[in-house]
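In terms of this note's numbering, the sequence shown is residues 12 to 190.
Using N, Cα and C, we set each Cβ at its ideal position, and we do this for glycine too.
See structure below.
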Amino acid sequence: MAKVLYAVTMSLDGFIAGPAGDMQWMTPYLGPNPEVRDLIGQIGSLLVGRRTFDGDDPNKGRPGEGKAFGGGWDGPQYVVTHRPPESSSADLYFVDDFATALAQAKEAAGDKYVNVLGADIARQCLEAGELDEVLTCVAPVMLGDGTRLFDQPGGHTVKLERVSATEVPLATNLWFKVT
12 MAKVLYAVTM
22 SLDGFIAGPA
32 GDMQWMTPYL
42 GPNPEVRDLI
52 GQIGSLLVGR
62 RTFDGDDPNK
72 GRPGEGKAFG
82 GGWDGPQYVV
92 THRPPESSSA
102 DLYFVDDFAT
112 ALAQAKEAAG
122 DKYVNVLGAD
132 IARQCLEAGE
142 LDEVLTCVAP
152 VMLGDGTRLF
162 DQPGGHTVKL
172 ERVSATEVPL
182 ATNLWFKVT
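See below:
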(Lines of atoms letter the chains of each structure in order from A and count residues from 1; the text may use other names and numbers.)
(Lines give C-alpha, C1' and ligand atoms only; values in the text may rest on other atoms or scores of the structure.)
Protein backbone atom coordinates (compact mmCIF):
# COMPACT_ATOMS: atom_id res chain seq x y z
CA MET A 1 0.00 0.00 0.00
CA ALA A 2 1.35 3.41 -0.96
CA LYS A 3 2.58 5.88 1.64
CA VAL A 4 2.24 9.62 1.12
CA LEU A 5 5.51 11.55 1.55
CA TYR A 6 6.14 15.27 1.49
CA ALA A 7 9.78 15.48 0.37
CA VAL A 8 11.01 19.03 0.04
CA THR A 9 14.05 21.30 0.25
CA MET A 10 13.64 24.17 2.70
CA SER A 11 15.70 27.18 3.72
CA LEU A 12 16.76 27.36 7.36
CA ASP A 13 14.08 30.00 7.98
CA GLY A 14 11.29 27.73 6.72
CA PHE A 15 10.70 28.65 3.07
CA ILE A 16 10.41 26.15 0.20
CA ALA A 17 10.12 28.84 -2.48
CA GLY A 18 11.40 32.38 -2.42
CA PRO A 19 9.43 35.55 -3.16
CA ALA A 20 7.11 35.23 -6.20
CA GLY A 21 7.68 31.46 -6.25
CA ASP A 22 11.41 31.71 -6.99
CA MET A 23 13.05 28.29 -6.97
CA GLN A 24 16.45 29.42 -8.28
CA TRP A 25 17.63 29.89 -4.68
CA MET A 26 17.75 26.09 -4.47
CA THR A 27 20.14 25.49 -7.39
CA PRO A 28 23.41 25.67 -5.37
CA TYR A 29 22.02 23.06 -2.93
CA LEU A 30 20.99 20.40 -5.47
CA GLY A 31 24.32 18.62 -5.19
CA PRO A 32 24.89 15.05 -4.14
CA ASN A 33 22.35 13.76 -1.64
CA PRO A 34 22.53 9.96 -1.32
CA GLU A 35 19.33 9.78 0.73
CA VAL A 36 17.34 11.60 -1.96
CA ARG A 37 19.04 9.56 -4.70
CA ASP A 38 17.91 6.36 -2.95
CA LEU A 39 14.43 7.77 -2.36
CA ILE A 40 13.84 8.48 -6.04
CA GLY A 41 13.67 4.75 -6.80
CA GLN A 42 11.02 4.34 -4.10
CA ILE A 43 8.62 6.91 -5.60
CA GLY A 44 5.74 5.45 -7.57
CA SER A 45 3.83 8.65 -8.40
CA LEU A 46 3.72 12.39 -7.79
CA LEU A 47 0.84 14.45 -6.40
CA VAL A 48 1.46 18.02 -7.50
CA GLY A 49 -0.23 21.36 -6.90
CA ARG A 50 -0.94 23.49 -9.96
CA ARG A 51 1.16 26.45 -8.76
CA THR A 52 4.09 24.10 -8.26
CA PHE A 53 3.53 22.47 -11.65
CA ASP A 54 3.43 25.86 -13.38
CA GLY A 55 6.18 27.35 -11.20
CA ASP A 56 9.83 28.11 -11.45
CA ASP A 57 12.23 25.20 -11.99
CA PRO A 58 15.41 24.99 -9.89
CA ASN A 59 16.98 23.15 -12.85
CA LYS A 60 16.27 26.01 -15.26
CA GLY A 61 18.96 26.12 -17.92
CA ARG A 62 20.42 22.79 -16.82
CA PRO A 63 19.97 19.24 -18.05
CA GLY A 64 16.72 17.86 -16.67
CA GLU A 65 14.89 21.18 -16.78
CA GLY A 66 11.14 20.67 -16.56
CA LYS A 67 11.44 17.10 -15.29
CA ALA A 68 10.86 15.74 -11.79
CA PHE A 69 14.03 15.52 -9.71
CA GLY A 70 15.97 17.12 -12.57
CA GLY A 71 15.17 14.18 -14.84
CA GLY A 72 16.10 11.57 -12.24
CA TRP A 73 12.53 10.26 -11.95
CA ASP A 74 9.91 9.27 -14.47
CA GLY A 75 6.36 8.11 -13.84
CA PRO A 76 2.75 9.21 -13.36
CA GLN A 77 2.10 12.73 -12.11
CA TYR A 78 -1.29 13.86 -10.82
CA VAL A 79 -1.71 17.62 -10.90
CA VAL A 80 -4.55 18.99 -8.78
CA THR A 81 -6.15 21.90 -10.61
CA HIS A 82 -9.44 23.60 -11.39
CA ARG A 83 -7.84 24.79 -14.66
CA PRO A 84 -6.95 21.66 -16.64
CA PRO A 85 -5.23 22.35 -19.95
CA GLU A 86 -6.72 21.34 -23.28
CA SER A 87 -4.19 18.55 -23.78
CA SER A 88 -1.90 16.39 -21.71
CA SER A 89 0.94 13.95 -22.24
CA ALA A 90 1.61 10.38 -21.19
CA ASP A 91 1.83 9.92 -17.42
CA LEU A 92 0.56 13.46 -16.77
CA TYR A 93 -2.97 13.72 -15.40
CA PHE A 94 -4.85 16.89 -14.49
CA VAL A 95 -7.51 16.20 -11.85
CA ASP A 96 -9.96 18.80 -10.55
CA ASP A 97 -10.58 17.17 -7.16
CA PHE A 98 -7.96 16.64 -4.44
CA ALA A 99 -9.42 13.40 -3.05
CA THR A 100 -9.72 11.87 -6.52
CA ALA A 101 -6.18 12.88 -7.46
CA LEU A 102 -4.81 11.44 -4.21
CA ALA A 103 -6.67 8.15 -4.70
CA GLN A 104 -5.39 7.86 -8.27
CA ALA A 105 -1.82 8.70 -7.23
CA LYS A 106 -1.94 6.10 -4.44
CA GLU A 107 -3.24 3.44 -6.80
CA ALA A 108 -0.56 4.26 -9.37
CA ALA A 109 2.20 4.18 -6.72
CA GLY A 110 1.36 0.63 -5.65
CA ASP A 111 3.60 -0.19 -2.69
CA LYS A 112 5.88 2.81 -3.30
CA TYR A 113 5.62 6.44 -2.20
CA VAL A 114 3.29 9.10 -3.49
CA ASN A 115 5.60 12.11 -3.37
CA VAL A 116 3.82 15.40 -2.69
CA LEU A 117 5.05 18.54 -4.45
CA GLY A 118 3.61 21.84 -3.25
CA ALA A 119 2.93 23.36 0.16
CA ASP A 120 -0.84 23.65 -0.30
CA ILE A 121 -1.20 20.04 -1.46
CA ALA A 122 0.87 18.90 1.55
CA ARG A 123 -1.43 20.95 3.81
CA GLN A 124 -4.48 19.32 2.24
CA CYS A 125 -2.94 15.87 2.79
CA LEU A 126 -2.41 16.74 6.46
CA GLU A 127 -5.97 18.00 6.84
CA ALA A 128 -7.29 14.80 5.27
CA GLY A 129 -5.15 12.65 7.58
CA GLU A 130 -3.34 11.27 4.52
CA LEU A 131 0.25 12.44 5.03
CA ASP A 132 2.43 9.62 6.37
CA GLU A 133 5.96 11.05 6.29
CA VAL A 134 7.93 14.26 5.77
CA LEU A 135 11.50 14.47 4.44
CA THR A 136 12.90 17.97 4.70
CA CYS A 137 16.31 18.76 3.21
CA VAL A 138 17.34 21.88 5.11
CA ALA A 139 19.63 24.08 3.04
CA PRO A 140 22.09 26.42 4.79
CA VAL A 141 20.48 29.65 3.60
CA MET A 142 17.83 32.07 4.88
CA LEU A 143 15.44 33.58 2.33
CA GLY A 144 13.43 35.94 4.54
CA ASP A 145 10.23 35.60 2.48
CA GLY A 146 8.38 33.22 0.19
CA THR A 147 6.27 30.09 0.50
CA ARG A 148 6.48 28.44 3.90
CA LEU A 149 6.96 24.69 4.35
CA PHE A 150 3.72 24.59 6.34
CA ASP A 151 1.43 27.53 6.83
CA GLN A 152 -1.78 27.23 8.82
CA PRO A 153 -3.24 30.63 9.71
CA GLY A 154 -4.54 30.47 13.26
CA GLY A 155 -2.20 27.58 14.02
CA HIS A 156 -2.44 23.82 13.86
CA THR A 157 -0.01 21.52 15.62
CA VAL A 158 1.20 18.49 13.69
CA LYS A 159 3.07 15.96 15.80
CA LEU A 160 6.02 14.23 14.18
CA GLU A 161 8.31 11.37 15.18
CA ARG A 162 11.89 11.65 13.95
CA VAL A 163 12.98 8.73 11.77
CA SER A 164 16.43 10.06 10.92
CA ALA A 165 18.68 13.10 10.70
CA THR A 166 21.45 12.88 8.12
CA GLU A 167 24.12 15.40 7.18
CA VAL A 168 24.95 15.51 3.49
CA PRO A 169 27.42 17.84 1.73
CA LEU A 170 24.96 20.66 0.96
CA ALA A 171 22.06 20.13 3.41
CA THR A 172 20.77 18.32 6.45
CA ASN A 173 18.03 15.76 5.85
CA LEU A 174 15.34 15.46 8.51
CA TRP A 175 12.91 12.53 8.04
CA PHE A 176 9.77 12.26 10.16
CA LYS A 177 6.66 10.10 10.49
CA VAL A 178 3.42 11.99 10.97
CA THR A 179 1.86 10.73 14.21
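Residue i burial status per 10 Å Cβ neighbour count (16 or more: buried)
i      : result
Pro69  : buried
Leu23  : exposed
Ala53  : According to the sequence as given, residue 53 is Gln; it is not Ala. By the 10 Å Cβ count, Gln53 comes out exposed.
Ser56  : buried
Gln135 : buried
Thr111 : exposed
Gln163 : exposed
Glu138 : exposed
Lys71  : exposed
Lys117 : buried
Ala133 : buried
Glu141 : buried
Gly157 : buried
Where residue i falls: helix, strand or coil (DSSP)
i      : result
Glu186 : It should be pointed out that residue 186 corresponds to Trp in this sequence rather than to Glu. In this structure, Trp186 counts as strand in the three-state DSSP scheme.
Gly66  : coil
Val47  : helix
Glu144 : strand
Thr168 : coil
Gly81  : helix
Phe26  : strand
Phe161 : coil
Gly55  : strand
Leu137 : helix
Leu41  : coil
Gly155 : coil
Gly129 : coil
Glu97  : coil
Bridge partner(s) assigned by DSSP for residue i
i      : result
Lys14  : Tyr124
Gly60  : Val91
Val149 : Met21, Thr183
Glu178 : Thr183
Arg173 : Phe187
Leu103 : Gln88
Neighbour flag for residue i against chain B, beta carbons, 9 Å
i      : result
Cys148 : Of the chains in the structure shown, none is chain B; there is only one protein chain.
Spatial neighbours of residue i in its chain, beta-carbon cut-off 6 Å, leaving aside the 5 residues before and after
i      : result
Leu146 : Ala18, Trp186
Asn44  : Val179
Phe80  : Ile51
Arg173 : Phe187
Asn126 : Leu16, Ala18, Ile54, Leu57
Close Cβ partners of residue i (< 7 Å) along its chain, the five nearest in sequence each way excluded
i      : result
Glu154 : Note that residue 154 is Leu in the sequence shown here, rather than Glu. Answer for Leu154: Ser22, Asp24, Phe26, Gly29, Trp36, listed in chain order.
Met12  : Asp122
Same chain, Cβ closer than 8 Å to residue i, five either side skipped, listed in chain order
i      : result
Arg159 : Gly25, Phe26, Ile27, Ala130
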